[in-house]
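The sequence shown: position 149 = 149 (the UniProt record's numbering), numbered continuously. All C-beta atoms, glycine included, are put in the ideal place defined by N, C-alpha and C.
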Amino acid sequence: MQVHDLSAGGDVLTRVEGVARRALRRYDVSPEASVTLLNVSENATFTVGDGGRRAILRVHRLGYHSLEAIASELAWLDALRDEAGVVTPRVLPARDGSRVVTVREPGSEPRHCVMFEFLPGAEPAEDRLVEEFERLGALTARMHRHARAWARPASFTRFHWDLDAAFGPRARWGRWQDGVGVDREAHAVLARLEDELRRRLERFGKGPDRYGLIHADLRLANLLVDGRAGTSVIDFDDCGLGWYLYDLGAAVSFIEHRPEVPHMAESWVRGYRSVLDLPKEDEAEIWTFIMFRRLLLVAWIGSHSAADVAGELGAGYTQGSCELAERYLGGSL
Numbered sequence: 001m002q003v004h005d006l007s008a009g010g011d012v013l014t015r016v017e018g019v020a021r022r023a024l025r026r027y028d029v030s031p032e033a034s035v036t037l038l039n040v041s042e043n044a045t046f047t048v049g050d051g052g053r054r055a056i057l058r059v060h061r062l063g064y065h066s067l068e069a070i071a072s073e074l075a076w077l078d079a080l081r082d083e084a085g086v087v088t089p090r091v092l093p094a095r096d097g098s099r100v101v102t103v104r105e106p107g108s109e110p111r112h113c114v115m116f117e118f119l120p121g122a123e124p125a126e127d128r129l130v131e132e133f134e135r136l137g138a139l140t141a142r143m144h145r146h147a148r149a150w151a152r153p154a155s156f157t158r159f160h161w162d163l164d165a166a167f168g169p170r171a172r173w174g175r176w177q178d179g180v181g182v183d184r185e186a187h188a189v190l191a192r193l194e195d196e197l198r199r200r201l202e203r204f205g206k207g208p209d210r211y212g213l214i215h216a217d218l219r220l221a222n223l224l225v226d227g228r229a230g231t232s233v234i235d236f237d238d239c240g241l242g243w244y245l246y247d248l249g250a251a252v253s254f255i256e257h258r259p260e261v262p263h264m265a266e267s268w269v270r271g272y273r274s275v276l277d278l279p280k281e282d283e284a285e286i287w288t289f290i291m292f293r294r295l296l297l298v299a300w301i302g303s304h305s306a307a308d309v310a311g312e313l314g315a316g317y318t319q320g321s322c323e324l325a326e327r328y329l330g331g332s333l
């Protein structure tokens, strides 16, 4: 696992804001353009204000994606919009036409930056999640259908979301064992969960009808619902190769415990099947993917202390994960 440099917060984020301001010099914006930190997750994301115009500037963390991997992400984002009718943000090139701007900061590796158009909309309404998930299921199926047929560029490269990425010696988000609040009792429960997830996912396999290019982070924060534009999909930074059903697991990130989640999953499946087939044997493993994602998030919270949501959830998320794990292992989910 690469050390998450943005987790240090404080001085690092001050330097990253400086990177963002230097990156702006390469774009067609005025010298008075404002830069406001929007959020910190894998990367630092800023809102750029320039008179009446707004844009989104993403400053990448160090060591997570190569320049080629970022270009691959942007290629799929473009193809989904142009070929599948999925609303995604357009990349705003620098004055020299570059889609990725690299900024060198003294004493550190260079950072890659990408500017996107600002899309209208807000997260799906909390009181309409069951209905929204039917639309999300259909939207996800359209993305998967495109991914299966898309001829990727020869230079395309993205990482995998598989068992090795989750539990291997270089787990992408760190080890769940190092999560917040993983005491001896929690370790015992979550170790049993990992064993069961391994067994089920190895049996499930990586056939082309089950495993391919996915968004990998279709949670509510990455969906924008607008009355005129419909639903937009943003933040493809984690897109890569994984199980298609992982996109459903990611969609309920941080809310897996809520009582309406089973109904949300049913709605998602209904919407998905309006576009693509989803065999019953695949549907039977939905909670396997929800728990797979949940265990990944226990690790993520432990390794992303600068992210607001990590600080808010902390040890309580680990405890809730243990309670869900017991239900999953007991067959009551």
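Local conformation of Phe292 per DSSP, three classes: helix
Straight-line Cα distance separating Leu220 from Asp237: 15 Å
Sufficient close CB pairs (3 or more, under 8 Å) joining the region 150-157 to the region 283-298: By the Cβ rule, the region 150-157 does not count as touching the region 283-298, because fewer than three pairs are nearer than 8 Å.
Inter-residue Cα distance where the pair is Ala141 and Arg270: 11 Å
Neighbourhood of Gln2 by C-beta, 7 Å cutoff - its chain only, sequence neighbours within 5 removed: For Gln2, the pLDDT reaches just 44, beneath the cut-off of 50, and the residue's location in the model is therefore unreliable, although a value from the coordinates is still provided. Once the five neighbours on either side are set aside, the close Cβ partners of Gln2 are Gly63, Tyr64.
Minimum length 3: unbroken beta strand (DSSP E) runs contained in the region 26-53: 34-40, 44-50
Length at least 4, wholly inside the region 257-286: the alpha helix (DSSP H) runs in chain order: Counting only unbroken stretches of 4 or more residues, the alpha helix (DSSP H) elements lying wholly within the region 257-286 are 261-273, 280-283, in sequence order.
With 16 other Cβ atoms within 10 Å as the buried cut-off, status of Asp217: Residue environment for Asp217: buried (at least 16 other C-beta atoms within 10 angstroms of its C-beta).
Buried or exposed (CB count within 10 angstroms, at least 16 for buried), Arg135: Buried is the call here.
Close beta carbons around Gly314, own chain, < 8 Å, minus the five adjacent residues each side: Val180, Gly181, Ile301
At least three beta-carbon pairs within less than 8 Å, the region 66-80 to the region 34-53: At 8 Å Cβ cutoff, the stretches do not touch.
Per-residue DSSP class, three states only, for residue 387: Missing from the structure shown is residue 387; the chain here goes from 1 to 333 and no further.
Uninterrupted alpha helix (DSSP H) stretches inside the region 113-172 (no shorter than 4 residues): 129-149, 163-167
Range of the contiguous beta strand (DSSP E) that encloses Asp226: 223-226
Reduced DSSP secondary structure (H/G/I, E/B, other) of Val233: strand
Contacts around Asp162, its chain only, beta-carbon distance under 7 Å, and the 5 residues preceding and following it disregarded: Excluding positions up to five away in sequence, the list reads Gly242.
Identified DSSP bridge partners for Val87: Ser232
Nearest neighbour of Val261, chosen from Asp277, Leu276, Arg170, Met291 [CA to CA]: Met291
Proximity winner among Asp50, Tyr272, Ser66, relative to Pro31 (alpha-carbon distances): Ranked by how close their Cα comes to the Cα of Pro31, the residues Asp50, Tyr272, Ser66 have Asp50 in first place.
Beta-carbon proximity of Gly137 to Tyr272, cut-off 8 Å: yes
Residues bridged to Arg111 [DSSP beta-bridge criterion]: Val103
Neighbourhood of Val103 by C-beta, 7 Å cutoff - its chain only, sequence neighbours within 5 removed: Val19, Arg22, Ala23, Pro110, Arg111, Cys113
Alpha-carbon to alpha-carbon, Arg158 and Leu324: 31 Å
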